[in-house]
Amino acid sequence: MQVQEAARVGFGFADIDWSKPWFAQFAVRGERWQQGALTSYAALLAEMNADAGDMRQVTGRGQRLAFIAQDDLPPGAAYEAHIASTGCVPTRHNLHDFFNGSMWFAFPRIKAALNARQSAAIDALGVGPTRGGVRDTLTLFDENALLFACADPALSVALRGFDWQTLMVAHRDAWGARCEVRCFGHALLEKLVAPFKACTGHAWIVDVPYEYFGWDAPARDAWLDKVVSATLLGTDALTSRMFAPLPVLGIPGWWSENEVPAFYEDASVFRAGRRTR
């Protein structure tokens, strides 16, 4: 609750530890944005828009990306529809929107694909009291997804089957060589400012070629961005069952306490699986 409350009122930026593995991939830009956020709301927006101008990124309908203050969102306008039609992302002075903005640069095609699907659904069905299944899945991806890049089908099967001993103990040496994770969900990143053992992301499994693990990080991210965005745009029946729960602090190399196998014996975090009917 402390982190959520701090984020809500615009504090917490100083608590980001860029050395943590879940933040390291965003550190170069993030540290600069962090200094802007600590200076003022206007300074943060200025940093974000300077990068948007340099990157020439577009949103779901090809509009040039820009960041605006939350109060500049017209009354009654739907958030995703506004982004798609104008390119302007309403942004609050908090951690949640800070990390949301980061994703527009880390995985620009995925963010544009999510925006395109969300805005199309709004056009077809309106905003409504509930989002519906597809929009719920898109929102879950946007807020809490991890990209699980994997070249070994046995490891993907272990993740789907909640087989933590196989995935994280017996095949610990596979991490970084046959599988790895990229954080995507901005709500998940917000929670990881103050990490806790039960913090769990929704893993989106991406089959990658073995040569993927010989590429540098920018090439891997660009490949993931292209492939995952194409999947999001090309799959009609998106459901939450397409994700696999993955406790973030269990990822080998991401948390010192998980070097002891007993770490994974906590059944309240590393659960045996979904209940069946």
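Numbering of the sequence shown is given in numbering that gives the first Met the number 0, commencing with residue 0 and proceeding in unit increments. Backbone N, C-alpha and C define an ideal beta-carbon position, used for all residues, glycine too.
Those residues which DSSP pairs with Ile204 across a bridge
Residue 204 sits at position 205 when you count from the first residue of the sequence shown. Note: Ile204 is bridge-paired with Phe147 in the DSSP secondary-structure output.
Taking the Cβ atom as the reference point for each residue, do Ala76 and Asn114 lie within a distance shorter than 7 Å?
Mapped onto the sequence shown, residue 76 falls at position 77. Mapped onto the sequence shown, residue 114 falls at position 115. No, the pair does not count as a contact, with Cβ atoms beyond the cut-off.
Identity of the residue in Pro20, Leu94 and Arg63 nearest Cys87 by Cα
Here residue 87 refers to the residue found at position 88 when the sequence shown is read from its first residue. When each option's Cα is compared against that of Cys87, the closest is Arg63.
Sequence-distant residues of the same chain with beta carbon closer than 6 Å to Ala51, five excluded per side:
To locate residue 51, count along the sequence shown from 1; it is residue 52. Correct list, in chain order: Leu64 and Ala65.
Can you tell me the Cβ-Cβ gap for His92 and Leu43, rounded? I've got them flagged as a contact below 8 Å.
Residue numbering aside, residue 92 sits at position 93 when the sequence shown is read from its first letter. Residue numbering aside, residue 43 sits at position 44 when the sequence shown is read from its first letter. About 6 Å separates the two Cβ atoms, so the contact holds.
State yes or no: is the C-beta of Leu237 within less than 7 Å of the C-beta of Thr136?
Taking the first residue of the sequence shown as 1, we reach residue 237 at position 238. Taking the first residue of the sequence shown as 1, we reach residue 136 at position 137. Note that the C-beta distance between Leu237 and Thr136 is below 7 Å.
Helix, strand or coil, according to DSSP, for Arg63 in the structure here?
By one-based count along the sequence shown, residue 63 stands at place 64. In this structure, Arg63 counts as strand in the three-state DSSP scheme.
Does the beta-carbon distance from His185 to Met102 come in below 7 Å?
Within the sequence shown, the letter at position 186 stands for residue 185. Within the sequence shown, the letter at position 103 stands for residue 102. For His185 and Met102, yes; Cβs fall inside 7 Å.
With the cut-off set at 7 Å, would you say Gly167 and Pro251 are in Cβ contact?
Counted from its first residue, the sequence shown places residue 167 at position 168. Counted from its first residue, the sequence shown places residue 251 at position 252. Position check: residue 167 holds Met in this sequence, whereas Gly was assumed. Yes, these two residues count as a Cβ contact at 7 Å.
Express the C-alpha separation of Val192 and Asp14 in angstroms, rounding to a whole number.
Locating residue 14 in the sequence shown gives position 15, where the first residue counts as 1. Locating residue 192 in the sequence shown gives position 193, where the first residue counts as 1. Here the alpha carbons of Val192 and Asp14 stand approximately 7 Å from one another.
Who are Val180's beta bridge partners in DSSP?
Within the sequence shown, residue 180 is the residue found at index 181, counting from 1. Partner residues in the beta bridge of Val180, as assigned by DSSP, are Phe147.
Could you compute how far the alpha carbon of Trp17 sits from the alpha carbon of Ala23?
On the sequence shown, residue 17 is found 18 positions in, with the first residue counted as 1. On the sequence shown, residue 23 is found 24 positions in, with the first residue counted as 1. Straight-line Cα distance between these residues: approximately 5 Å.
In its own chain, which residues sit with a C-beta less than 7 Å from the C-beta of Ala45, not counting the 5 before and 5 after it?
Counting from 1 along the sequence shown, the entry for residue 45 is found at position 46. These residues qualify, in order along the chain: Gly35.
On the CB-based measure, 16 or more other CB atoms within 10 Å of its CB, does Lys110 come out buried or exposed?
Translated into positions along the sequence shown, residue 110 becomes position 111. Counting every other CB atom within 10 Å of its CB across the protein chains shown gives Lys110 a total of 16 or more, marking it as buried.
Ala119 to Thr230 span [Cα, whole Å]
Start at 1 with the first residue of the sequence shown, and residue 119 comes out as number 120. Start at 1 with the first residue of the sequence shown, and residue 230 comes out as number 231. A direct Cα-to-Cα measurement between Ala119 and Thr230 gives close to 16 Å.
Distance between beta carbons of Phe269 and Trp163, contact taken as under 8 Å
Position 164 of the sequence shown, counting from 1, holds the residue named residue 163. Position 270 of the sequence shown, counting from 1, holds the residue named residue 269. Contact between Trp163 and Phe269 holds: CB atoms are separated by about 5 Å, below the 8 Å threshold.
Candidates Cys149, Arg171 and Ile121: closest to Val259 by CA position:
Here residue 259 is taken as the residue at index 260 of the sequence shown, counted from 1. Closest by alpha carbon: Arg171.
Phe161 and Ala271: beta carbons closer than 7 Å?
Within the sequence shown, the letter at position 162 stands for residue 161. Within the sequence shown, the letter at position 272 stands for residue 271. Cβ distance < 7 Å, so Phe161 and Ala271 count as in contact.
Roughly how many whole angstroms lie between the Cα atoms of Asp224 and Arg108?
Looking up residue 224 in the sequence shown gives position 225. Looking up residue 108 in the sequence shown gives position 109. Taking C-alpha positions only, Asp224 is separated from Arg108 by approximately 6 Å.
Can you tell me whether Val268 is helix, strand or coil according to DSSP?
Position 269 of the sequence shown, counted from the start, is the residue given in the question as residue 268. Coil.
Report yes if the CB atom of Val227 is closer than 7 Å to the CB atom of Ala148, and no otherwise.
Your numbering for residue 227 matches position 228 in the sequence shown. Your numbering for residue 148 matches position 149 in the sequence shown. Contact: no.
Taking Tyr40 as the reference, give the member of Trp21, Pro74, Phe97 and Pro208 with the closest Cα.
For this step, residue 40 is matched to residue 41 along the sequence shown. Comparing Cα-Cα distances from Tyr40 to each of Trp21, Pro74, Phe97 and Pro208, the minimum goes to Phe97.
Bounding residues of the beta strand (DSSP E) (the contiguous stretch that carries Ala41):
By one-based count along the sequence shown, residue 41 stands at place 42. Element bounds for Ala41: not the beta strand (DSSP E) but the alpha helix (DSSP H), Tyr40 to Met54.
Among Thr234, Ala202 and Gln56, whose alpha-carbon lies nearest the alpha-carbon of Leu187?
Start at 1 with the first residue of the sequence shown, and residue 187 comes out as number 188. Ranking Thr234, Ala202 and Gln56 by Cα distance to Leu187 puts Ala202 first.
Hey, out of Tyr263, Ser267, Glu264 and Trp254, whose CA is closest to Lys19's CA?
Counting from one through the sequence shown, the residue named residue 19 turns up at place 20. Of the candidates Tyr263, Ser267, Glu264 and Trp254, the residue whose Cα lies closest to the Cα of Lys19 is Trp254.
Using DSSP bridges, identify the partner residues of Leu245.
By one-based count along the sequence shown, residue 245 stands at place 246. When DSSP reads this structure, Leu245 sits in a beta bridge with Gly200.
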